[in-house]
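Residue numbers (the working numbering): 5 to 543.
Just below is one structure, and these are the notes that go with it.
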Amino acid sequence: MEKDKIYIDDWLTLKPYENQTLTDSYYLKLCNKIKQALLSGKAPVVFYMYIEKEDINLLACFLTAWFEDLVSDTNIYNTFVKQHKQLYNKPLPFYDCEEYFDDEINPQDIGFLIWYFMNTVQTDKFISPYNEFIELSTEKVFAVFDEAWEYAPENMVLQNIYSINEDADYYDSRNLIDTLLFKTYLFYPDTLFRLEENEAEIIEENGMDENLVMYLNENRESTLQNSGTHLLAFKGKEWVAEIIGKENALYDAYLNISKRIRGFFLYKGQDENDVFLEHIASGKAFKLTKKSFDHSNNLTEIDTIVFMGIVQWKGEWWFSGVYFQNDFNADLVLKEKNSFESRQVVNFLDHKNEKIIDTLKKQHTAFLDFNNGLPIAFLASDMLMDFNQKYYDYFNDSLNLTEKEIEEARERGRRDGFFKPDEEQKTTDFSSVAESGLVFFNEKSGIEIALECNSAFPLPGNPFFDKENSEDHIFRLFMDENISTELAMYCINNCKDKLLFFTEGMGKLYLNDIDFLLRFWKKERYYSEPSITEIGDKN
5 MEKDKIYIDD WLTLKPYENQ TLTDSYYLKL CNKIKQALLS GKAPVVFYMY IEKEDINLLA
65 CFLTAWFEDL VSDTNIYNTF VKQHKQLYNK PLPFYDCEEY FDDEINPQDI GFLIWYFMNT
125 VQTDKFISPY NEFIELSTEK VFAVFDEAWE YAPENMVLQN IYSINEDADY YDSRNLIDTL
185 LFKTYLFYPD TLFRLEENEA EIIEENGMDE NLVMYLNENR ESTLQNSGTH LLAFKGKEWV
245 AEIIGKENAL YDAYLNISKR IRGFFLYKGQ DENDVFLEHI ASGKAFKLTK KSFDHSNNLT
305 EIDTIVFMGI VQWKGEWWFS GVYFQNDFNA DLVLKEKNSF ESRQVVNFLD HKNEKIIDTL
365 KKQHTAFLDF NNGLPIAFLA SDMLMDFNQK YYDYFNDSLN LTEKEIEEAR ERGRRDGFFK
425 PDEEQKTTDF SSVAESGLVF FNEKSGIEIA LECNSAFPLP GNPFFDKENS EDHIFRLFMD
485 ENISTELAMY CINNCKDKLL FFTEGMGKLY LNDIDFLLRF WKKERYYSEP SITEIGDKN
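What follows is the structure in structure tokens.
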């Protein structure tokens with residue numbers, strides 16, 4: 005048995021505060037008991053197949069922090085259970101919850117948390133929630149917690165940390181999201197690990213660069229605002245909103261925090277309250293509140309180029325992250341206006357735009373007409389882009405535009421600086437990556453290309469289906485964040501009765517919780533969004 009003790013510094017690693025509180029010594033002792041329970045019997049052999057030895061200490065701290073959360077009524081884990089119940093009419097995935105007691109410790113909770121930890125602290129292997137070692141470990145850990153439940157002390161410090169004044173501004177509100185995602189046990193093996201991995205890459209790439217701190221701050225800000233969690237694919241703002249509750253005046257304000265826009269803007273002037281900016285890539289206009297920005301006096305020349313991040317809070321755009329400015333540069337402006345990636349960052353502003361919705365509907369109808377009534381086409385990889393181009397030509401022809409209308413559209417693009425240089429018109433060759441692929445029209449986002457998943461679709465129009473590769477392709481379809489939820493569900497809705505993985509294999513057990521798993525695997529891409537940007541909205 006592993007004899008190394010867990011020390012107070014290990015325990016405090018998962019806490020949202022730095023100094024030891026009155027109750028921490030109690031929970032540290034309990035944490036060491038949990039470690040002993042985890043490592044009893046043959047469990048160490050199985051654990052070490054998947055995680056590092058030091059991660060056992062972390063798992064013991066993680067489970068004990070959950071127990072402390074329930075005792076102290078800090079509403080972290082219970083918020084997850086509540087949200088899961090709202091989505092699926094049961095408190096947890098995978099396990100029988102007929103005998104489940106709210107606001108108490110349950111064996112099902114422990115089993116789920118061990119599964120969650122094992123599949124976030126490492127992502128190389130998917131560990132089944134039905135693995136026998138999880139069940140055995142759950143029994144041992146539950147026995148320790150059950151004995152301690154009646155006498156365990158509340159941590160009053162924790163209760164204060166997860167509250168917020170109802171008159172808080174954006175920055176105070178953001179700090180609570182930071183605390184939740186990067187300093188709270190439930191998300192420690194998830195968002196904090198991802199943050200630290202990115203930071204390590206930034207440090208390795210930039211070394212002693214004088215701007216290193218700025219790069220690290222920018223990474224933290226971006227992760228905080230835009231990253232989804234493995235649990236339910238919620239973002240930090242959604243978790244905070246549900247933890248503070250609907251009765252809190254900031255509940256709606258949190259839910260309505262916008263995505264963060266980071267990019268180049270043109271300075272267009274200012275008044276007493278706002279700085280006027282134009283997003284270069286899209287031409288969209290923004291008013292930046294001076295309540296959030298201390299550098300407005302540095303902006304004097306119209307069309308000065310400004311690089312910054314902005315977030316909408318309570319109907320106002322607030323400065324968020326890094327800032328620097330440069331003189332007007334025509335080459336940079338041209339490059340930004342023709343950058344698909346730079347335009348994409350504002351796409352979310354138009355997701356409910358009737359023009360965008362109507363365009364997607366027309367594209368979908370045209371795709372079905374073009375592809376014999378089917379939303380999916382299976383092709384050799386070197387034919388994927390050719391298929392796409394022929395479809396887009398077909399769609400454009402279906403609009404029945406006159407020569408005059410086509411020329412007017414081109415002129416609008418030229419006037420706003422949008423055109424594709426010759427080198428950007430080259431098509432992508434997928435043949436070096438895979439022999440075959442598919443094109444799928446996602447009604448929520450548009451055209452989607454996927455590789456190495458054709459054997460998940462035993463359909464008449466798919467000559468590339470290979471039974472030998474079927475299970476691997478199914479897991480790729482479900483676990484790859486670059487593949488949409490809608491494509492994964494197309495497989496389930498149309499193919500599950502034809503695939504042994506779902507009729508006889510492990511997949512049969514997962515079907516009842518497939519939406520939870522898709523959220524877990526596709527945390528950043530669970531919600532598909534239109535890949536269309538409306539250009540030049542100056543209002």
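Cβ atoms here follow ideal geometry from the backbone N, Cα and C, with glycine treated the same way.
- Item | the stretch 215–229 touching the stretch 138–157, judged by at least three CB pairs closer than 8 Å | no
- Residues that DSSP places opposite Asn446 in a beta bridge: Gly450
- Message: Alpha carbons only, please: which of Thr195, Glu203, Phe71, Ile206 is nearest the one belonging to Phe238?
- Response: Thr195
- Task: Would you kindly check if the distance between the Cβ of Glu490 and the Cβ of His477 is under 8 Å?
- Result: no
- Can you tell me which of the three DSSP states Asn79 falls into? coil
- Query: Taking Cβ to Cβ, would you say Leu259 is nearer than 8 Å to Glu242?
  - Reply: yes
- Item | CB of Asn79 within 8 Å of CB of Tyr166, strictly | yes
- Among residues of its own chain, excluding the 5 on either side of Asp307, which ones have a beta-carbon nearer than 7 Å to its beta-carbon? Leu270, Tyr271, Phe332
- Query: Does the separation of the CB atoms of Pro462 and Phe468 fall below 8 Å?
  - Reply: When the beta-carbon positions are compared, Pro462 and Phe468 stay at least 8 Å from each other.
- Query: Where are the alpha helix (DSSP H) runs, 4 residues long or more, that stay fully inside the stretch 349–398, in chain order?
  - Reply: As far as the stretch 349–398 is concerned, its whole alpha helix (DSSP H) runs of at least 4 residues are 358–374.
- Query: Does the beta-carbon distance from Asn67 to Val145 come in below 8 Å?
  - Reply: Reading the sequence as shown, one finds Leu at residue 67 and not Asn. Closer than 8 Å, so yes.
- Does DSSP put Met122 in a helix, a strand or coil? helix
- Task: Could you name the residues of the same chain whose beta carbon sits closer than 6 Å to that of Phe524, not counting the 5 residues immediately before and after it, in chain order?
- Result: His234
- Message: Would Phe344 and Glu533 qualify as a contact pair, given that the criterion is a beta-carbon distance under 8 Å?
- Response: In this structure, Glu533 does not lie closer than 8 Å to Phe344 by Cβ.
- Query: Do the stretch 170–183 and the stretch 42–55 make contact, defined as three or more Cβ pairs closer than 8 Å?
  - Reply: Under the three-pair Cβ rule at 8 Å, the stretch 170–183 does not count as touching the stretch 42–55.
- Query: Alpha carbon to alpha carbon, what distance is there between Asn202 and Ile380?
  - Reply: 35 Å
- Lys19, DSSP secondary structure in three states: coil
- Among the residues of its own chain, which have a CB less than 7 Å from the CB of Lys291, if the five just before and after it don't count? Asp278, Phe280, Trp321
- Task: Run the CB neighbour count on Ser435, radius 10 Å, all protein chains shown included, and call it buried at 16 or more, exposed below.
- Result: exposed
- Does the Cβ-Cβ distance between Phe311 and Phe371 come in under 8 Å? no
- With 16 other CB atoms within 10 Å as the buried threshold, where does Lys39 fall? buried
- Message: Suppose you measure from the CA of Thr369 to the CA of Lys394; what does that come to, to the nearest Å?
- Response: 15 Å
- Message: For Arg266, list the residues DSSP reports as bridge partners.
- Response: Gly313
- Query: Contact between the stretch 78–96 and the stretch 186–200: three or more CB pairs below 8 Å?
  - Reply: Touching, per the Cβ criterion.
- Query: Going by alpha carbons, who is nearest to Asp256 out of Cys65, Ala245, Ile10?
  - Reply: Ala245
- Confirm, please, whether the CB-CB distance from Glu58 to Tyr31 is below 8 Å. Taking a C-beta distance under 8 Å as the contact criterion, Tyr31 and Glu58 do not qualify as a contact pair.
- Task: Grab the span of the alpha helix (DSSP H) containing Phe149 for me, first residue to last.
- Result: Note, Phe149: alpha helix (DSSP H), 136–152.
- Message: What does the Cβ neighbour count give for Lys527, buried or exposed, with the cut at 16 atoms within 10 Å?
- Response: So Lys527 ends up on the buried side.
- Task: Below 8 Å CB to CB, which residues in the same chain sit around Glu158 once its five sequence neighbours on both sides are set aside?
- Result: Once the five neighbours on either side are set aside, the close Cβ partners of Glu158 are Thr27, Val75, Ser76, Asp77.
- Query: Hey, how far is the Cα of Asn392 from the Cα of Ile10?
  - Reply: 57 Å
- Query: To which residues of the same chain is Lys500 closer than 6 Å at the C-beta, ignoring the five residues directly before and after it?
  - Reply: Phe506, listed in sequence order.
- Query: Do Gly465 and Leu378 have their C-beta atoms closer together than 8 Å?
  - Reply: yes
- Does the distance from the CB of His88 to the CB of Leu185 come in under 8 Å? no
- Task: Would you list the one or two residues that DSSP bridges to Phe323?
- Result: Per DSSP, the beta-bridge partners of Phe323 are Ile314.
- Let me know if Asp519 comes out buried or exposed under the rule of 16 or more other beta-carbons within 10 Å of its beta-carbon. buried
- Item | Chain-order list of residues whose beta-carbon lies under 8 Å from that of Ala64 (same chain, five-residue window excluded) | Closer than 8 Å at Cβ, skipping near neighbours: Ile10, Cys35, Asn36, Ile38, Lys39, Leu42.
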